[in-house]
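Protein chains in written order, with the working numbering: chain E, 2 to 344; chain G, 2 to 344.
By construction, the Cβ of each residue, glycine as well, lies at the ideal position given by its N, Cα and C atoms.
Here's the structure, in structure tokens; my notes come after.
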């Protein structure tokens with residue numbers, strides 16, 4: 002079983018996943034390691050190469066764990082965290098540790114090996130989005146989990162080890178540090194203004210206008226004022242709502258169209274660049290309201306969004322040492338190029 | 002001129018370095034981009050390919066900016082931050098911005114194109130270390146700078162664009178977020194215990210023993226309990242002292258031997274793997290004691306150290322989304338392999 006360890010100086014949890022341990026000579030240090038079609042466990046017909054499915058979109062008369070599906074969710078074969086057990090928190094001198102419990106699922110987005118989201122029909126993207134929503138909502142019901150992170154690594158340089166389009170969900174028994182930082186900032190702002198900080202930022206982006214990439218009645222995509230990465234884009238609903246797991250089904254088509262549009266623009270402009278998607282949904286407030294005042298204001302001060310992070314620059318010593326990033330492309334310029342690519 | 006921008010939700014500064022702007026098609030997304038010997042601006046004889054030197058170790062009768070040097074410091078030709086001017090902080094709605102002032106220097110560690118630190122004689126490493134110390138101390142005198150970060154990117158996958166051994170120093174007009182986190186944790190611990198948090202962690206590592214890689218009377222290297230990366234190693238003086246710029250000259254030989262030893266072990270075990278070095282020295286306390294109570298305890302609650310970060314795993318969506326890392330190699334195992342590699 003893996004282990005969670007806490008570093009009190011950097012206030013950071015780390016997952017020590019010893020079952021995934023590689024021997025020193027097995028570490029991969031090049032950028033070209035995704036698999037081909039011939040040995041793909043995610044392709045239709047290879048369903049027995051994965052653990053049994055947790056959820057699926059398969060029209061009748063298909064059978065469980067057989068072909069004929071459109072979207073399929075399975076446990077990760079090499080999970081970073083294991084689903085059974087209790088955390089068993091304890092101290093180790095000045096450090097903290099707990100058992101590596103959590104969930105680690107894989108959403109296989111399509112039966113086709115090379116059909117990345119931007120190339121899927123919108124109706125199919127809607128199925129992927131509705132499965133994302135369903136899995137986030139389901140994992141949030143487990144009171145051991147404090148955060149449910151949905152993310153996607155597309156391309157080897159974005160961290161994907163398998164090429165077949167898939168996303169992942171990790172549910173963790175601690176609130177991640179990045180989320181804690183946002184919780185605190187959102188709480189402080191709400192206390193002062195009685196408004197949601199992210200919603201205020203979104204309103205400012207809409208008012209300024211020159212960093213907007215996509216706008217509809219329901220969704221807005223923009224390159225944030227303080228983008229860490231070139232062409233970083235945030236996609237958010239116009240209306241403040243904290244929990245992606247409770248996304249109004251009426252918004253699924255609009256979100257899917259916006260996601261496909263933004264990814265199509267990025268991929269057209271940047272030659273199928275690798276990217277990460279990271280969903281910022283609210284932490285699991287009902288499991289620890291007693292632990293922090295941050296949760297008092299939560300349903301009102303959190304605004305979920307999806308971060309789209311193209312991987313064009315390499316993170317080096319400066320970024321690891323300081324936590325701030327050097328971005329060579331002003332977001333105003335990135336947004337203009339993304340707006341103009343299809344015009 | 003570049004610009005510093007602050008994101009209030011993530012409490013993060015970003016450098017938007019528009020002079021370094023690349024056109025979308027120019028982004029490099031593969032892992033093999035360091036230069037060869039034929040066009041190296043850092044090799045001896047090519048001194049006119051860099052801006053004029055700031056500091057140098059050159060025995061007589063050599064002339065400034067000519068050959069015959071052993072270590073050479075020059076301004077970065079493409080600086081992330083510019084040395085002239087004042088920050089001119091101002092608000093942009095909810096965001097903050099300031100002009101991108103700071104320093105960005107390159108330390109060319111040797112005239113030889115392929116002589117990485119672990120392969121240099123100890124006497125030469127001592128010269129590199131004494132130049133590091135001298136530059137950190139000099140930049141700390143500039144009251145516009147709140148932090149001086151010394152780091153090294155070795156190998157293309159660690160972010161190096163030039164292969165010739167070199168390190169870099171960036172002085173910034175803001176306290177980086179990672180340093181602010183450490184300041185706050187160190188302050189809180191000192192207030193409770195009247196002891197330095199890092200020194201306490203170091204004592205615990207020494208007492209437990211099984212994560213130690215190198216020990217001498219003066220320095221200790223260990224793989225931290227909550228290592229983010231496989232084979233991550235911290236090298237620190239035994240005695241608490243906060244400012245690397247005031248390193249006792251008597252400690253330079255011991256530090257140089259320890260650094261060479263640890264890097265030699267890493268490179269032997271992991272086949273010349275790429276790595277980052279990041280120096281954690283104290284922030285520039287005298288420039289902002291009025292701004293934060295964190296600085297009240299600073300000379301006593303900060304313990305400088307050098308982080309050695311091999312780049313064997315790829316950072317993906319999970320890490321960007323949460324700030325916590327999945328490390329497949331327990332540090333106990335990493336330290337054992339590093340201890341045994343030369344036995």
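Item, Value
"Could you round the C-beta distance between residue 274 of chain G and residue 165 of chain G to whole angstroms and report it? I think they count as a contact, below 8 Å.", "Not quite, the Cβ-Cβ distance comes to about 18 Å (not below 8 Å), so this is no contact."
"I need the straight-line Cα distance from residue 18 of chain E to residue 172 of chain E, nearest angstrom please.", "15 Å"
"Does any residue of chain E have a CB that is nearer than 8 Å to the CB of residue 205 of chain G?", "yes"
"Return the residues of the stretch 9 to 20 of chain G that lie within a Cβ-Cβ distance of less than 9 Å from chain E, sorted by chain order.", "9, 10, 11, 12, 13, 14, 15, 16, 17, 18, 19, 20"
"Measuring only the C-alpha atoms, how far is residue 244 of chain E from residue 178 of chain E?", "19 Å"
"Is residue 329 of chain E close to chain G? Criterion is C-beta to C-beta, closer than 8 Å.", "yes"
"Go ahead and pull the three-state DSSP assignment for residue 141 of chain G.", "helix"
"Identify the contact partners of residue 201 of chain E in chain G, using a Cβ-Cβ distance below 8 Å as the criterion.", "95"
"Residues in the same chain with beta-carbon distance under 7 Å from residue 135 of chain G, minus the five sequence neighbours each way, listed in chain order, please.", "56"
"Shorter than 8 Å from the beta carbon of residue 322 of chain G to some beta carbon of chain E?", "yes"
"Do you know how far the Cα of residue 58 of chain G is from the Cα of residue 8 of chain G?", "41 Å"
"Looking at chain E, is there any beta carbon in it that lies within less than 8 Å of the beta carbon of residue 36 of chain G?", "no"
"What does residue 300 of chain G reach in chain E if we use C-beta pairs closer than 7 Å?", "Under the 7 Å cutoff, chain E gives no residues; its nearest Cβ is about 17 Å from residue 300 of chain G."
"State the CB to CB distance for the pair residue 2 of chain E and residue 100 of chain E, rounded to an integer number of angstroms; the pair is presumed to be in contact (CB under 8 Å).", "6 Å"
"For residue 226 of chain G, return the contacting residues in chain E, with the cut-off set at a CB-CB distance below 8 Å.", "6, 8, 93, 96"
"Below 6 Å CB to CB, which residues in the same chain sit around residue 168 of chain E once its five sequence neighbours on both sides are set aside?", "108, 153"
"May I have the straight-line CA-CA distance separating residue 313 of chain E from residue 157 of chain E, to the nearest angstrom?", "12 Å"
"Let me confirm a value: residue 61 of chain E is counted as buried when at least 16 other C-beta atoms fall within 10 Å, else exposed. Which label applies?", "exposed"
"Between which two residues does the beta strand (DSSP E) carrying residue 118 of chain E extend?", "That residue, residue 118 of chain E, is in no beta strand (DSSP E); it is neither H nor E in DSSP."
"Mapping DSSP to helix, strand and coil, what is residue 213 of chain E?", "strand"
"In whole angstroms, what separates the C-alpha of residue 287 of chain G from that of residue 305 of chain G?", "17 Å"
"Take residue 91 of chain E and list the residues in its own chain whose beta-carbon comes closer than 8 Å to its own, dropping the five residues that flank it on each side.", "97, 98, 99"
"Note down, in chain order, every chain G residue with its Cβ under 9 Å from the Cβ of residue 137 of chain E.", "Neighbours of residue 137 of chain E on chain G: none; closest Cβ ~13 Å, over 9 Å."
"Would you check if the stretch 250 to 270 of chain E and the stretch 118 to 136 of chain E touch, i.e. whether three or more CB-CB distances between them fall below 8 Å?", "yes"
"Please confirm whether residue 183 of chain E has its beta-carbon closer than 8 Å to some beta-carbon of chain G.", "yes"
"Look at the alpha carbon of residue 88 of chain E and the alpha carbon of residue 303 of chain E, and state the distance between them as a whole number of angstroms.", "27 Å"
"Since residue 63 of chain E and residue 48 of chain E are thought to touch, with beta carbons under 8 Å apart, how far apart are those beta carbons, to the nearest angstrom?", "Actually they are not in contact, since the Cβ atoms of residue 63 of chain E and residue 48 of chain E sit about 10 Å apart, beyond 8 Å."
"To which residues of the same chain is residue 77 of chain E closer than 6 Å at the C-beta, ignoring the five residues directly before and after it?", "105, 107"
"Is it buried or exposed, residue 147 of chain G, if we count other Cβ atoms within 10 angstroms and call 16 or more buried?", "buried"
"Using the DSSP secondary-structure output, state which residues sit across from residue 93 of chain E in a beta bridge.", "E:96"
"Beta-carbon within less than 7 Å of residue 341 of chain G's beta-carbon, same chain only, minus the 5 sequence neighbours each way: which residues are those?", "none"
"So which residues of chain G does residue 279 of chain E contact, with C-beta pairs closer than 8 Å?", "318, 321, 322"
"Give me the chain G residues within the contact set of residue 81 of chain E, using Cβ-Cβ distance strictly less than 7 Å, ordered along the chain.", "327"
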